[in-house]
Amino acid sequence: MEEKNNKDKKYELIKIHHWDGEGYQPCVSYGDWLVALMNWEQGFKITDIGPIERHNETDEVFVLLEGKSVLFVIYNHQVEAIDMQHGIIYNVPKSTWHNVLGTENAKWLIVESANTDESNSEYRRMTNDEIKSLFDQLPDWCNK
Numbered sequence: 010m011e012e013k014n015n016k017d018k019k020y021e022l023i024k025i026h027h028w029d030g031e032g033y034q035p036c037v038s039y040g041d042w043l044v045a046l047m048n049w050e051q052g053f054k055i056t057d058i059g060p061i062e063r064h065n066e067t068d069e070v071f072v073l074l075e076g077k078s079v080l081f082v083i084y085n086h087q088v089e090a091i092d093m094q095h096g097i098i099y100n101v102p103k104s105t106w107h108n109v110l111g112t113e114n115a116k117w118l119i120v121e122s123a124n125t126d127e128s129n130s131e132y133r134r135m136t137n138d139e140i141k142s143l144f145d146q147l148p149d150w151c152n153k
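Residue numbers (the working numbering): 10 to 153.
Written out as structure tokens, the structure reads:
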């Protein structure tokens, strides 16, 4: 694979991964773990929140690389939202409902179990009360 900033140079031992498409893209898998890149897509739009998900066999790590983002979780009917900062590791424990919202230039690094898939994950829409609670916690840049 070619290095992004030096397209003429090839590396034999270093594997370089880059993702410019929308959504989630697995990049590196080794043993039990997987590293993915995730770029903004419609479901991360603040005015049109997509489904939330939970993974029943693994934690999931989020690192905001670019843009602005809110990571939110729902556990025991409580919504908790955090204004993510670049380069900080945010760990969502297994079986915790979660998702992110972000600006259209948002990019995240994701680390999770390599066997995370639809067979051990669940997806659902948020309730109106959950959405209201989330909106009450959004930072000013979200222009609620």
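Note that beta-carbon positions come from the ideal geometry of N, C-alpha and C, so glycine has one too.
Would you tell me roughly how many angstroms separate the C-alpha atoms of residue i and residue j, rounded to the nearest one?
i      : j      : result
His26  : Ile61  : 27 Å
Asn124 : Gly111 : 26 Å
Val82  : Leu147 : 13 Å
Leu22  : Thr56  : 44 Å
Phe53  : Ile98  : 19 Å
Thr105 : Asp149 : 26 Å
Met10  : Asp145 : Here the model assigns Met10 a pLDDT of 34, short of 50, so the residue's position is not dependable, and the following value carries that caveat. If I take the Cα positions, the gap works out to 44 Å.
Val79  : Glu113 : 13 Å
Tyr84  : Tyr39  : 30 Å
Gly59  : Tyr132 : 10 Å
According to DSSP, is residue i helix, strand or coil?
i      : result
Asp92  : strand
Leu80  : strand
Trp42  : strand
Ile61  : strand
Ser104 : coil
Gly52  : helix
Hey, out of the options, whose CA is closest to residue i's CA?
i      : options                           : result
Cys36  : Ser128, Val120 and Leu143         : Val120
Glu50  : Glu31, Ile140 and Ser128          : Glu31
Leu118 : Glu21, Asp41 and Val70            : Val70
Lys77  : Gly96, Gln87 and Glu66            : Gly96
Cys151 : Glu127, Ser128, Ser122 and Ala115 : Ala115
Ser122 : Val44, Glu75 and His107           : Val44
Ser142 : Asn48, Gln87 and Leu74            : Gln87
Tyr33  : Gly40, Asn48 and Tyr39            : Asn48
Glu89  : Ile98, Glu75 and Val109           : Val109
His107 : Tyr20, Gly40 and Glu139           : Glu139
Asp68  : Leu74, Ser128, Asn100 and Lys18   : Asn100
Asp66  : Trp42, Leu74, Leu73 and Lys18     : Rather than Asp, the amino acid found at residue 66 in this sequence is Glu. It is Trp42 whose Cα lies nearest to the Cα of Glu66.
Would you mind sorting residue i into buried or exposed? The rule is 16 or more other CB atoms within 10 Å of its CB.
i      : result
Glu12  : Its pLDDT being 43, under 50, Glu12 is placed unreliably in this model, and the value from its coordinates should be taken loosely. Flag for Glu12 reads exposed.
Asn137 : exposed
Arg134 : exposed
ask   = Enumerated in chain order, which unbroken segments of the beta strand (DSSP E) with a length of 3 residues or greater are wholly contained in the segment 114 to 149?
value = Secondary structure remark: continuous beta strand (DSSP E) runs of at least 3 residues inside the segment 114 to 149, in chain order: 116 to 122 and 130 to 133.
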